[in-house]
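Trainee: Residue numbers for the sequence shown follow this note's numbering, so the first one is 932 and each next one is one higher. Mind having a look at this structure? Questions to follow.
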Amino acid sequence: MESHGQADLREGLGNNGAPEAGTWHPRARRVPSPNQDARPAGMRPSLLVIHGISLPPGEFGGPWIDALFTNRLDPTAHPYFREIAHLRVSAHLLIDRRGHLTQYVPFERRAWHAGRSRFGAHEGCNDFSIGIELEGTDEVPYTDEQYGCLAEVTRWLMARYPDIVPERIVGHSDIAPGRKTDPGPAFDWVRYRALLENGT
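Structure follows, in structure tokens:
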């Protein structure tokens, strides 16, 4: 029997499983993820969560992040993949090491990126957040291209979702302390916020 969540997801998808409606960043490569559903009624994005990801851990490039977010990760391709191939996760956006942008989920819909999480008094941050993955690790500095793209995308999102203000831009570690550490100490928050403020 089809669950309510499955029916809700299908209503927002075309025959090929790709979302038919919703907001997509105009510069993003689109790789629609099935790992999404509707936000609670009346809920609009009001929080931006920055993550870090690399697959396999510590390695950059390759198709593996796309594969994870579209449920096509081959568990035999790397020993680590056996541990995560069963996961059903996604983010709205990925910024790779070259500053290239990929979008998996329309911004009006709920991506599955935050897991067990809390911001202030509110639990379940997926309900009201946009998740951006940076290709990287906690220890390796992020690239100039990533900072530039992230700042540009953040300004674009803030113009469309005015509830996202600088005080509501956080790391995954901020909303899931003790469980998550990304984007890690390698992420330069001062630099990022200066880029946001200066617009360059």
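Glycine included, C-beta positions come from ideal geometry on N, C-alpha and C. None of these values were measured; they are calculated from a predicted model.
Measure the alpha-carbon distance for P987 versus P1010 and round it to whole angstroms.
Mentor: Roughly 9 Å between the two C-alpha positions.
Trainee: DSSP puts G1062 in a beta bridge; with which residues?
Mentor: V980
Trainee: Along the chain, where does the beta strand (DSSP E) that runs through A969 open and close?
Mentor: Q967 to A969
Trainee: Say whether the segment 962-977 touches the segment 1034-1041, bearing in mind that this needs 3 or more beta-carbon pairs closer than 8 Å, one atom from each stretch.
Mentor: yes
Trainee: Taking the alpha carbon of A998 as the reference point, which residue from S1021, L978, L979 and E990 has its own alpha carbon closest?
Mentor: Restricting attention to S1021, L978, L979 and E990, the CA atom closest to the CA of A998 is found in S1021.
Trainee: So, do the segment 1054-1074 and the segment 979-986 have three or more beta carbon pairs nearer to each other than 8 Å?
Mentor: Contact holds: three or more Cβ-Cβ distances are below 8 Å.
Trainee: Determine whether the beta carbon atoms of P971 and I1095 lie at a separation below 8 Å.
Mentor: P971 is not a Cβ neighbour of I1095, given a cutoff of 8 Å.
Trainee: Is it the case that the Cβ atoms of Y1073 and A1117 are separated by a distance below 8 Å?
Mentor: It is a contact, given that the beta carbons lie within the stated cut-off.
Trainee: In the DSSP assignment, what are the bridge partners of L1024?
Mentor: Q1034 and I1063
Trainee: What residue range is occupied by the uninterrupted beta strand (DSSP E) comprising A1042?
Mentor: R1040 to A1042
Trainee: Helix or strand or just coil, what does DSSP make of I1106?
Mentor: helix
Trainee: In whole angstroms, what is the alpha-carbon distance linking G1109 and E1128?
Mentor: 30 Å
Trainee: Could you round the C-beta distance between V1084 and F1050 to whole angstroms and report it? I think they count as a contact, below 8 Å.
Mentor: Not confirmed; about 20 Å, so no contact.
Trainee: Going by alpha carbons, who is nearest to H956 out of R1003, A1016, D1005 and Q1034?
Mentor: Q1034
Trainee: Alpha carbons only, please: which of A1008, L1025, S1104 and I996 is nearest the one belonging to R1019?
Mentor: With distances taken between Cα atoms, R1019 lies closest to I996.
Trainee: Could you spell out where the alpha helix (DSSP H) holding G1079 opens and where it closes?
Mentor: D1075 to R1091
Trainee: Sorted by chain position, which residues of the same chain lie with C-beta nearer than 6 Å to M974's C-beta, five sequence neighbours on each side aside?
Mentor: D1058 and F1059
Trainee: Secondary structure at I1100, three-state DSSP: helix, strand or coil?
Mentor: strand
Trainee: From D1075 to K1111, what does the alpha carbon distance come to, in whole angstroms?
Mentor: 24 Å
Trainee: Among H1017, T1007 and A1008, which has the Cα closest to the Cα of F1000?
Mentor: H1017
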